[in-house]
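Data first, discussion second: the structure below is written as structure tokens.
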Amino acid sequence: MRIALPLAALGLAAAFAAHAGDGRIDYDHQAQWQSAHDMAQSPIDIVTHDTVAARDDEPQALVFTHTHAPMEAVDNGHAVEVETHATDATIRGRHFALTQFHFHAESEHTIDGRHYPLEGHYVFKAQDGRLAVVGVMYQVGKANPQAQAVLDSLAHKENAPHEVDIDALLPAQRGYYHYLGSLTTPPLTENVEWYVLPAPVTMSKKQIEAFLAHYRHNNRNVQPLNGRPLVHDEG
């Protein structure tokens, strides 16, 4: 006997199939994650000459407050995740609160086809439930004390800090590329606001290798833009 499942049920089934029992995600079988009607997915390749400039009357896009916040770094089964709740952001004139941030290796978004060794996703939520994710690229360079704080917390070192200054994990230059996309892990929920900051932040080679020792290749393949507007703001 064959039972027809509604599309929503099929989507949930795909999401459960993508996860192992310990919360891990099967990045080797990404085609199983989504259904055929998903048309506004993330990540994307940001082709800079195909972007449009933000309007001059756009509200100031990314303003962060209370960036020095309590934190706990955990291994959530598919990424290094930092749980913190004190930071607020004004994003295009609306209030959001940071719920967590986590890391993908190599970067999920590409800029003109280029990957970075690491990408951080800072997940913000508005009071009405709307999600906005700020994507930050990391490259090898000067050591980052706040990245080390995350690594020490993850390793449960005896004197590990219990706070993190999120501002030091973000670039000073707040220009961004903006589009509407999705979560990059199942259930791949759409209508997520993305703000990808192209100015990279540095970590030492040792720090990046420490993140890669936990997860490498936990990055979703780039998805087609499908005609979505891609806005560039110089910040």
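All the letters of the sequence shown, read from the start, carry residue numbers -20 to -1, 1 to 215 under mature numbering (1 follows the signal peptide of the UniProt record, and there is no 0). Even glycine gets a Cβ: it sits at the ideal position worked out from N, Cα and C.
Point to revise | Rounded C-alpha distance that separates Q187 from A127 | key: 7 Å
Check your understanding: Just how far apart, CA to CA, sit G1 and L149?
Key -> In this prediction, G1 has a pLDDT of 46, which is less than 50 and means its spatial position is unreliable; what the coordinates show is noted afterwards. Between G1 and L149, the C-alpha separation is close to 32 Å.
Point to revise | Those runs of the alpha helix (DSSP H) which lie wholly inside the stretch 169 to 202 and span at least 4 residues | key: 185 to 194
Point to revise | Validate contact between the stretch 192 to 207 and the stretch 139 to 156 using beta carbons, cut 8 Å, 3 pairs | key: no
**Study point:** Extent of the continuous alpha helix (DSSP H) to which S133 belongs
**Key:** P125 to L134
Review point. Among the residues of its own chain, which have a CB less than 8 Å from the CB of N206, if the five just before and after it don't count?
Key: M19 and A20
Point to revise | Between the CA atoms of L42 and W174 - distance to the nearest angstrom | key: 12 Å
Review point. Thinking just about the alpha-carbon of each residue, which of S133, D213, T79 and R72 is nearest to the one in Q153?
Key: D213
**Study point:** Start-to-end residues for the beta strand (DSSP E) that takes in D213
**Key:** V211 to D213
Review point. Alpha carbon to alpha carbon, how far is T45 from Q14?
Key: 36 Å
Check your understanding: Whose CA, out of I91, A69 and P180, lies closest to the CA of V113?
Key -> A69
Point to revise | Residues bridged to L60 [DSSP beta-bridge criterion] | key: For the sequence presented, residue 60 should be read as Val rather than Leu. DSSP lists D55 as partners of V60.
Exercise for review: Might you give, ordered along the chain, the residues of its own chain that have their beta carbon closer than 7 Å to the beta carbon of K105, omitting 5 neighbours on each side?
Suggested key: F76, A77, T79 and L111
**Study point:** Distance CB(E99)-CB(F81) smaller than 8 Å
**Key:** no
Exercise for review: Return the CA-CA distance between H136 and A33, expressed in angstroms with no decimal places.
Suggested key: 45 Å
Practice item. Report the rounded CA-to-CA distance for G73 versus D37, giving the unit in angstroms. Key: 11 Å
Review point. Looking at the structure shown, is Y118 part of a helix, part of a strand, or coil, going by DSSP?
Key: strand
Review point. How many Å lie between G215 and V176 at the Cα?
Key: 12 Å
Exercise for review: Could you name the residues that DSSP lists as bridge partners for V113?
Suggested key: V103 and W174
Review point. So V60 packs on N124, CB below 8 Å; how close in whole Å?
Key: 14 Å between Cβ atoms; not a contact.
Point to revise | 8 Å Cβ cutoff met for V211 and H158 | key: yes
Review point. How about P151 and V116: do their beta carbons lie closer than 8 Å?
Key: yes
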